[in-house]
Amino acid sequence: MNIRADFSQRVVVRPGDAEWTPSPQKGVDRLMLDRIGGEIARATSFVRFSPDSVFPHHTHGGGEEIFVMDGVLEDENGRYPTGTYIRDPIGSSHAPFSRQGCTLFAKLWQFAKDDCERIVIGDASRVWRDAAEGFALQPLHKFGEEITYLVRLAPGRPVNRRIDPRGEEILVLGGAFHDEQGSYAANCWIRDPGGREHSLVSEGGCTLFVKTGLRRPDVADMHHFKNRNAQG
């Protein structure tokens with residue numbers, strides 16, 4: 489299964505552009521943003537837990553990165569309310585569940601092999617760094633060329649920048665912004681191949697989840713997930 493697997497193309501997924509589909513586990517649905525592979529996949533998705541749903545214990549063969557968009561996710565390691573950022577490295581394991589239900593932004597099988605640190609950053613522990621150009625930053629993770637952070641855009645303050653030539657993802661967590669190519673409301677996801685100038689502005693202010701320096705899939709990745717799924 490290949491979904492938006494050409495990373496040389498800019499893609500935008502707005503609310504309503506893609507459908508939620510059931511996962512193999514009852515009560516857990518997903519909306520696939522990009523994917524290479526079947527049930528074992530390099531994947532970026534929204535994942536939705538219904539109240540009192542449980543996902544079986546599993547090991548992260550390629551790592552798992554999560555941002556809790558709403559509700560509360562839990563596992564044997566802790567409780568993760570709305571706004572929590574989690575990185576579970578390669579080889580880690582857990583059995584996640586949600587008593588009240590939750591929606592996650594999740595990325596699977598996208599860790600560098602030597603990126604081994606588990607990270608949990610809750611909303612209450614954030615330290616925002618003001619910038620001169622009308623925005624504030626909250627760093628979340630940096631390893632090699634990949635950088636992940638939150639951005640708050642001030643209302644009505646244009647931001648002019650150059651997109652990382654290795655590619656970038658933006659998830660609109662709250663509010664809305666527009667640029668030279670369109671408008672983007674809450675829960676809109678954008679993946680851009682980068683290397684170009686970019687001007688954006690939010691009339692009412694907004695909060696973004698941003699990842700730059702993307703680890704792009706290569707031919708070896710394609711063969712890996714095809715073979716893993718063929719083997720069951």
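So the sequence shown is numbered by this note's numbering: it starts at 489 and just counts up by one.
Ideal Cβ placement from N, Cα and C applies to all residues, glycine included.
Exercise. Could you give the C-beta distance for residue 596 and residue 529, rounded to a whole number, given that I count them as a contact under 8 Å?
Worked result: 7 Å
For this session: Indicate the three-state DSSP secondary structure (helix, strand or coil) for residue 624 in the structure shown.
Result: strand
For this session: Can you give me the Cβ contacts of residue 532 inside the same chain, cut-off strictly under 7 Å, excluding the 5 residues immediately before and after it?
Result: 521, 522 and 595
Problem set entry | Unbroken beta strand (DSSP E) run spanning residue 543, endpoints | Note, residue 543: premise wrong, no beta strand (DSSP E); not H, not E.
Problem set entry | Segment contact flag, the region 567 to 584 with the region 549 to 557, C-beta cutoff 8 Å, min 3 pairs | yes
Exercise. What does residue 490 pair with, by DSSP beta-bridge criteria?
Worked result: 524
Problem set entry | residue 568 versus 612, 627, 581 and 545, residue with shortest Cα-Cα distance | 612
Exercise. In this structure, does DSSP put residue 611 in helix, strand or coil?
Worked result: helix
Problem set entry | Simplified DSSP state of residue 594, which is helix, strand or coil | strand
Problem set entry | beta strand (DSSP E) runs wholly inside the region 547 to 606, at least 3 long, in chain order | 552 to 563, 566 to 569, 573 to 576 and 590 to 596
Exercise. Looking only at its own chain, which residues have a Cβ that is under 8 Å from the Cβ of residue 693, when we skip the five neighbours before and after it?
Worked result: 640, 641, 642, 643 and 663
For this session: Please state if the CB of residue 586 and the CB of residue 566 are separated by a distance shorter than 8 Å.
Result: no
For this session: Provide the residue(s) that pair with residue 533 in DSSP beta bridges, ordered along the chain.
Result: 520 and 594
Problem set entry | Selection from 696, 653, 688 and 494 that minimises the alpha carbon distance to residue 682 | 653
Exercise. Hey, would you say residue 543 sits closer than 8 Å to residue 584, going by beta carbons?
Worked result: yes
Exercise. If we ignore side chains and look at the alpha-carbon of each, how far apart do residue 527 and residue 516 end up?
Worked result: 14 Å
Exercise. Tell me which same chain residues have a C-beta within less than 8 Å of the C-beta of residue 617, skipping the five on either side of it?
Worked result: 624, 625, 626 and 627
Problem set entry | Own chain residues within Cβ distance below 6 Å of residue 442, not counting five before or after | Shown here, the chain extends from 489 to 720; a query on residue 442 therefore has no answer.
Problem set entry | C-alpha distance - residue 660 paired with residue 697, whole-angstrom precision | 6 Å
Exercise. Tell me which same chain residues have a C-beta within less than 6 Å of the C-beta of residue 605, skipping the five on either side of it?
Worked result: none
For this session: Return the residue from the list 637, 607, 647 and 636 that minimises the CA-CA distance to residue 621.
Result: 647
For this session: Output the distance between the C-alpha atoms of residue 695 and residue 651, rounded to the nearest integer angstrom.
Result: 18 Å
Exercise. Taking DSSP as the reference, what is the three-state secondary structure of residue 680?
Worked result: strand
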